[in-house]
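Structure first, commentary second.
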Amino acid sequence: MIRFVRPVYPKEAKRRRIQGVVKLRAVVSLRGDLRNIEVLDGDPIFVPAARRAVKKWRYAPCLLNGDAVELKTYIEVPFTLAQ
0 MIRFVRPVYP
10 KEAKRRRIQG
20 VVKLRAVVSL
30 RGDLRNIEVL
40 DGDPIFVPAA
50 RRAVKKWRYA
60 PCLLNGDAVE
70 LKTYIEVPFT
80 LAQ
């Protein structure tokens with residue numbers, strides 16, 4: 000990963016002291032950005048914040064025999080009150 004953006008903890012979740020993890024599946028494109036982001040699991044209160052943050056993440060392109068390739072990946076975005 001060459002660029003990480005921390006998700007913004009939803010105010011309502013913080014007020015209600017809710018914690019959790021959002022599980023996503025995505026494709027790392029040839030350029031290193033994420034696309035086709037799918038939500039696999041997680042409290043709906045956290046999903047929008049997780050998606051907004053992950054859309055800004057960037058990876059070094061994945062190489063196979065020296066050529067850039069797309070890669071499916073699984074991502075877990077934790078939300079803890081200690082953030």
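Numbering (numbering that gives the first Met the number 0), first residue to last: 0 to 82. Even for Gly, the Cβ is constructed at its ideal location relative to N, Cα and C. Quantities reported herein were computed from a predicted structural model and do not represent experimental measurements.
Run through the DSSP bridge pairs and tell me what residue i is partnered with.
| i | result |
| --- | --- |
| residue 76 | 21 |
| residue 37 | 24 |
| residue 62 | 67 |
| residue 57 | 2 and 32 |
DSSP three-state label for residue i, please.
| i | result |
| --- | --- |
| residue 46 | helix |
Along the beta strand (DSSP E) that carries residue i, what are the first and last residues, could you check?
| i | result |
| --- | --- |
| residue 67 | 66 to 68 |
Would you kindly check if the distance between the Cβ of residue j and the Cβ of residue i is under 9 Å?
| i | j | result |
| --- | --- | --- |
| residue 53 | residue 39 | no |
| residue 75 | residue 22 | yes |
| residue 16 | residue 71 | no |
| residue 58 | residue 0 | yes |
| residue 60 | residue 29 | yes |
What's the call for residue i, buried or exposed, on a 16-neighbour Cβ count within 10 Å?
| i | result |
| --- | --- |
| residue 47 | exposed |
Since residue i is in the alpha helix (DSSP H), which residue starts that stretch and which ends it?
| i | result |
| --- | --- |
| residue 14 | 10 to 14 |
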